[in-house]
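So the sequence shown is residues 9 to 162, counted in our numbering.
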Amino acid sequence: MQQDYVFAADQLTVPIDWAPAGKGQRFGNYLIDIAAFYLGCIGAGILVGIGLSMSGNVHLLNGLEGPFSTLVGMLLLSLYYFVLEATTGRTIGKLFTRTRVIMADGSRITTRAALIRSLCRLIPFEAFSFLGDPESGLHDRLSKTRVVRIDRDR
């Protein structure tokens, strides 16, 4: 698909041929993003634990057990995807695999589409939606986006 793409920073029109990301790249994105998310949570948890123990408020950690912690984790994961995709079109996983999320028409991802993608990831078994069509998962179809390979210079 050949299109013109206008970069807001320099207002240059550049034709781009977007190739869809492969199944391996998409799976790599998932694994790297989950690892980055959990490492970030572990680091934040250590800092919170140290801060609470130094202030003598260790009892506050008891409130982070059970369903509440699951809800917080789900919201944080959605926030991770939303902030990174809405601002850059790329997550940490997409940086490593040299992929980017764009709108189906080839334009930059919108904030609304990034929010829809992020919330769709909370749907149980959504990750299995790639088994039918490896180029388009449920969060791609509902948000009208796609993940494409990019060159090093983009």
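From the three backbone atoms N, C-alpha and C, an ideal C-beta is built for every residue, glycine too. None of these values were measured; they are calculated from a predicted model.
Between Asn37 and Thr118, the gap from beta carbon to beta carbon reaches 8 Å or more. Less than 8 Å divides the Cβ of Ser137 from the Cβ of Gly145. Of the candidates Ala44, Trp26, Arg108, Ile131, Arg108 places its Cα closest to the Cα of Thr96. For Ala44, the CB contacts under 6 Å within the same chain, skipping 5 residues up- and downstream, are Ile100 in chain order. Annotated three-state conformation of Pro132 is coil, per DSSP.
CA-CA distance, Leu69 to Pro75, rounds to 14 Å. Residue state for Ala27 is assigned as strand, using DSSP reduced to three classes. Bounds of the alpha helix (DSSP H) holding Ile100 are 100-105.
As the crow flies, the alpha-carbon of Gln33 is around 14 Å from that of Leu139.
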